[in-house]
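Numbering (my numbering), first residue to last: 1 to 139.
Every residue, glycine too, gets a C-beta built ideally from N, C-alpha and C.
Model, not experiment: these values are computed from the prediction.
Data first, discussion second: the structure below is written as structure tokens.
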């Protein structure tokens, strides 16, 4: 049973709300992935922050923070084995640098994402929103 049989105290987590949140989670996950937050757990971070604050802007930032935490730092990538210069016992310094550069590129991409909930407060209602590619072409 989802609800207590007695009339003592109502459940703090009603089954209907939980069902609705599960349905919303699928849609939310897709929206976050479309916005560039594709790390597993971003949807959970968003929903937890939204449950605590009821603020979409802060919730989206919590999802971004989660992705940045999961990405870590580019310097976290260290060679395995005893010698980073050898292909047999570790990755080469070229491969190490390539992986670090790719990680840093991912970190920079996530940091550069625009929070869709903060945009409305920064721009007048009649202004056209343009993406980075449109602005670069116009420049």
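query                                                                                                                                                                      : result
How big is the Cα-Cα spacing for residue 92 and residue 45?                                                                                                                : 36 angstroms
How many angstroms separate the CA atom of residue 116 from the CA atom of residue 19?                                                                                     : 26 angstroms
Let me check understanding here. Comparing Cα to Cα, which of 111, 11, 12 lies closest to residue 62?                                                                      : 111
DSSP three-state label for residue 16, please.                                                                                                                             : helix
So, with DSSP's three-state summary, where would you put residue 11?                                                                                                       : coil
Going by beta carbon distance, what residues of the same chain come within less than 6 angstroms of residue 104, once the five residues before and after it are set aside? : 74
Go ahead and label residue 11 buried or exposed: buried means 16 or more other beta carbons lie within 10 angstroms of its beta carbon, across all protein chains shown.   : exposed
Measuring only the C-alpha atoms, how far is residue 95 from residue 70?                                                                                                   : 21 angstroms
Measure the C-alpha to C-alpha separation of residue 35 and residue 72 and round it to an integer number of angstroms.                                                     : 20 angstroms
Give the DSSP-derived three-state secondary structure of residue 92 in the structure shown.                                                                                : coil
Excluding sequence positions up to five away, which residues of its chain have a Cβ less than 8 angstroms from the Cβ of residue 68?                                       : 107, 110, 111
Could you tell me if residue 64 is buried or exposed, where buried requires 16 or more neighbouring beta carbons within 10 angstroms of its beta carbon?                   : buried
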